[in-house]
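Shown next, in structure tokens, is the structure this report addresses.
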Amino acid sequence: MDLYKAALLFGAFICSVGGTEVDGYSKTEGAWVLSLNKRQYMVNNVTECAAKCEAETSFTCKAFVYVEKDQECWTAAANSKTELVLRRQSCALYEKKKYLLECISGNGADYRGTKDRTKTGKLCQRWDAKFPHRPNYSPQTHPLSDLDSNFCRNPDSDNQGPWCYTTDPEVRWEHCNVPSCTEDCIVCNGEDYRGKTSTTENGFTCQRWDSQTPQNHGYNPSTLPEKFLEENYCRNPDGDPRPWCFTTSPSKRWDFCSIPRCTSEPPTIVPETTCITGEGQAYRGTIAVTETGKTCQSWAAQTPHKHNRTPENYPCKGLNNNHCRNPDNERRPWCYTTDSETRWEYCSVPRCGDAPDPAEGVVPPEEDEDCYNGNGSSYRGITSQTISGKKCQWWSSQTPQRHNKTPESFPSADLKRNLCRNPDGDRAPWCYTTDPAVRWEYCNLEKCSPKPTGAPSPTPAQTDCKIGNGATYRGPTSITLTGVTCQAWSAQSPHHQNSFTPRTHPDKGLEGNSCRNPDNDVNGPWCYTTDGNKKWDYCQIPDCAGMDCGTPVYKPKRCFGRVVGGCEAKPHSWPWQISLRTSRGIHFCGGTLIHPQWVVTAAHCLERSTRPSAYQVVLGIHRETATEPSKQIRQLEKLVLGPNGADIALLKLQSPAVINDKVLPVCLPEKDYIVPSGTECYVTGWGETQGTGGEGVLKEAGFPVIENKKCNQPSYLSGRVRDHEMCAGNIDGGIDSCQGDSGGPLVCHEQNKYVLQGVTSWGLGCANAMKPGVYARVSKFVDWIDRTVKAN
């Protein structure tokens, strides 16, 4: 029996995403927990539901679920610490924070965590057990002490903290090693540090993570929620030896923080000794040779390569001897080599059960659309973003969402990387999210439609469609996706006491019975139904598709293939890509259409001449030969070089381009926006392929953005990258832009459109390991672009 069916048999929660924050509770949308001890209530709001949990007498209420659309309240004795949290299309789970803490305040009399071993490692005896020790404290004698299971507790307010009876017949009881909530210390290299130190070891005050002044950076709290980048507290989001922060001093970009190591035991892992899963961080095997056959250097040694990945700096990463390891969140285990000419390389460690390689490129067949048929169970595209723009969690990961939808459990579901899939037959592809507060969401995908026949697409005004999640939808559709007629929002039959009516929400368009989204549901418009057995359901309303910037009619493959290495783009799927040519029509650089009459390119592409007549721009083509009937050729009226010698330039066309399905401007970023570290972005061009095939056609590649802090390390580009530039590429090489791609776009997919974040500028060779490409950071030039376009 699967968990979903079991949940229904046990009367588990049928829930609706919604509700607000409640003091003392942690909220997770799209989640519910199976509990045998539970009670159901009908309430008017989430505050009443919380009150029911607080007043529960039949069991200790640790969590509740509030169902806004159904106005149901479920109280439960379980939480995510004691039971597996399951995904449910319409749930909002609220857990009491005190039951989630794994640390103590004072003597820990109120500790309700899940540690079940003593400080010497002995397993705790259950509090209701009589063997091997007859307890003086039990659930019956001390009902308010939460003596559940065999968890460490302090029912007698022992001054030395929580304890338990042990399963060792020779040792009746022992104290447990539970850390203090007020102790400011780090475990291992502090990746899980959540303290409040905000001063560096050299006395600098830390800059807030959500600020871009005085330091611009790519560690954005909203896009990296799993890193807990709160306030201006020291954190370790990138696998450094210990926590650090950007500083408020213009002369010091960042600095390490001085935080002592905790005396408590480090977290335990299940070591992988013969194979790896995920990124191989648990690998503890004995392979000590790189993938090209080089012997690994001992982690404790500093010759032939000096480094800081030492056993002292990374005490929990198994850096003994010279065995391959992954101490710093690389793609897979690696090591420094004993070859003085090769600093480091990845190792060839086999994957457990033929699990998919996270580093493996994903190149869907050319004919594949990034859309799904039916319920999307067969979807094998590469979208990894949810409908609300959240990043998907890797299927092989258990952080921040613990789950059972793993590649091993669903071998035929193609659970690669963090790509959207539908392993359990839901109504559409979905994924777990990297936001700890949102367990899962449907993905930003549409159903496949018939291939275009050449007829013009209807405009948004001509079709019934929604924008975004449909909060502004006021169309006439009044049937649910299962074909049931909607109940009028003002009606009280067959469903009454509804939360959403024209009276309670007068500005939400609830006049008739048409589908609406009054609660801003991420999955789109819905309605109460005329089916007495189904209170509400979603409606199937397509997204509006217009000629907006950054929204191509022909969806790109978005392959993680190669420009150097080979991945041909789908024709006209990057309609802002232009070919910059000599006056005789010879291609030599790329560029990007940002306005019907303006193109952005690299300044170094214009070194041959400052005369506009020396160049021409070709738009609307896929082949470098420009033989397509869709091509548009424009002469140049003006060249404008970037400010302060930056490698960016603007080209004004003599006449505007004709905007159509094959020629479309890209969107520009917000001023000073920094693309978050690890964001997958795409570069396109007709450049050098170094004999890998695909010459003469537009090629594309996807790879992650690398934060300047990391890109400027000695192992990479050693301080060469300036603030108005950015890095992107795979650290192990093989994917990059190259000669002939210069001036072309680096675009990132954000909120359902493509945004120009970089202009291809320079690099040390093409696709070399540890030498990512460098791009002019467009967000640093948006004011200059705006002034130039308006003045000319």
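As numbered in mature numbering (1 follows the signal peptide of the UniProt record, and there is no 0), residues -19 to -1, 1 to 773 make up the sequence shown, in order.
Where a beta carbon is used, it is the ideal one built from N, C-alpha and C, also for glycine.
Bear in mind the structure is a predicted one, so any value in this text is a computation, not a measurement.
Can you grab the Cα-Cα spacing for the pair residue i / residue j, in whole Å?
| i | j | result |
| --- | --- | --- |
| C54 | V66 | 17 angstroms |
| P593 | L587 | 10 angstroms |
| Q21 | F40 | 13 angstroms |
| T510 | C496 | 10 angstroms |
| Q106 | L125 | 19 angstroms |
| R420 | W13 | 9 angstroms |
| Y80 | G94 | 6 angstroms |
| N749 | G710 | Interpretation of N749 is limited by its pLDDT of 42, a score under 50 that renders its predicted location unreliable; no figure is taken from the coordinates. |
| E37 | C72 | 21 angstroms |
| R543 | G677 | The predicted model places R543 with a pLDDT of 40, which falls under 50 and marks its position as unreliable, so this point remains unresolved. |
| K233 | N197 | 12 angstroms |
| I575 | D351 | 25 angstroms |
| residue 781 | V48 | In the structure as shown, the chain starts at -19 and stops at 773, and residue 781 therefore has no counterpart that could be examined. |
| G89 | G171 | 24 angstroms |
| Y295 | T204 | 26 angstroms |
| R306 | L82 | 31 angstroms |
| T228 | I363 | 37 angstroms |
| C662 | H603 | 20 angstroms |
| Q262 | P292 | 15 angstroms |
| V24 | E422 | 26 angstroms |
| L561 | P252 | 54 angstroms |
| residue 778 | D219 | Given that the chain is displayed from residue -19 to residue 773, the structure contains no residue 778 and the question cannot be resolved. |
| N504 | W280 | 49 angstroms |
| N498 | S329 | 51 angstroms |
| R539 | T273 | 30 angstroms |
| K612 | D529 | 20 angstroms |
| P136 | K372 | 43 angstroms |
| H553 | V639 | 14 angstroms |
| V534 | Q521 | 21 angstroms |
| D764 | K652 | 7 angstroms |
| L104 | V159 | 14 angstroms |
| L128 | A59 | 14 angstroms |
| S742 | A550 | 21 angstroms |
| W325 | W315 | 7 angstroms |
| Y519 | A452 | 13 angstroms |
Between the options, which has its C-alpha nearest residue i's C-alpha?
| i | options | result |
| --- | --- | --- |
| Y6 | Q21, S61, K19 and S39 | S61 |
| G102 | T148, D500 and Y663 | T148 |
| S138 | Y92, C548 and D129 | Y92 |
| H384 | G601, R68 and R701 | R68 |
| A595 | I85, T485, L632 and N625 | L632 |
| H476 | T9, Q52 and Y353 | Q52 |
| V656 | H603, N625 and E731 | E731 |
| F448 | T63, N501 and E492 | According to the sequence shown, residue 448 is Ile rather than Phe. Per the Cα distances, N501. |
| N494 | Q478, W470 and N479 | W470 |
| F132 | K96, G754 and L698 | K96 |
Within the same chain, show all residues whose beta-carbon is closer than 8 angstroms to that of residue i, passing over the 5 residues directly before and after it, in chain order.
| i | result |
| --- | --- |
| E35 | C42 |
| I331 | Here residue 331 is Pro; the residue named in the question, Ile, does not match the sequence. Counting only Cβ-Cβ distances below 8 angstroms, and skipping sequence neighbours, we find T255, C256 and I257. |
| L426 | D351, C352, Y353, G357, Y360, G362, T364, C401, A409 and P410 |
| E2 | K8 |
| F762 | G623, P624, A627, I629 and H705 |
Once you ignore the five residues that flank residue i on each side, which residues in its own chain have a CB closer than 6 angstroms to its CB?
| i | result |
| --- | --- |
| Y174 | I167 and P224 |
| C508 | C467 and C496 |
| I766 | none |
| C333 | C256 and T258 |
| residue 841 | As shown, the chain starts at -19 and ends at 773. That puts residue 841 outside it, with no answer to give. |
| P404 | K386, F391 and A394 |
| Y454 | K447 and P506 |
| D236 | T181, N183, F185 and T228 |
State yes or no: is the C-beta of residue i nearer than 6 angstroms to some heavy atom of the ligand GDP?
| i | result |
| --- | --- |
| W375 | No copy of the ligand GDP occurs in the structure displayed, which carries no ligand at all. |
Might you give, ordered along the chain, the residues of its own chain that have their beta carbon closer than 7 angstroms to the beta carbon of residue i, omitting 5 neighbours on each side?
| i | result |
| --- | --- |
| D704 | N197 |
| N773 | K619 and K633 |
| Q616 | Q597 and Q635 |
Would you say residue i reaches chain B, if we count a Cβ-Cβ gap shorter than 7 angstroms as a contact?
| i | result |
| --- | --- |
| R93 | As a matter of chain content, chain B is missing from the structure shown, which is built from one protein chain. |
Legend entry - the stretch 317 to 324 contacting the stretch 186 to 196, beta-carbon criterion three pairs below 8 angstroms: no
Legend entry - Segments assigned alpha helix (DSSP H), at least 4 residues, entirely inside the stretch 647 to 700: 689 to 692
Inset, instruction - Answer yes if the stretch 724 to 743 comes into contact with the stretch 636 to 648, meaning at least three C-beta pairs across the two stretches below 8 angstroms, and no otherwise. - result: Taking 8 angstroms as the limit for Cβ pairs, the verdict is that the stretch 724 to 743 does touch the stretch 636 to 648.
Legend entry - Complete runs of the beta strand (DSSP E) confined to the stretch 495 to 533 [at least 3 residues]: With a minimum length of 3 residues, the continuous beta strand (DSSP E) runs that stay inside the stretch 495 to 533 are 507 to 509 and 517 to 519.
Inset, instruction - Would you check if the stretch 234 to 244 and the stretch 277 to 285 touch, i.e. whether three or more CB-CB distances between them fall below 8 angstroms? - result: no
Legend entry - the stretch 107 to 125 contacting the stretch 145 to 163, beta-carbon criterion three pairs below 8 angstroms: yes
Inset, instruction - Jot down the residue ranges of each uninterrupted alpha helix (DSSP H) in the stretch 256 to 321, minimum 4 residues, whole runs only, in chain order. - result: Fully enclosed alpha helix (DSSP H) runs of 4 or longer: not present.
Inset, instruction - Please list the segments of the beta strand (DSSP E) lying wholly inside the stretch 1 to 86, counting only runs of 3 or more residues, in order along the chain. - result: 6 to 14, 19 to 23, 44 to 48, 53 to 57 and 66 to 77
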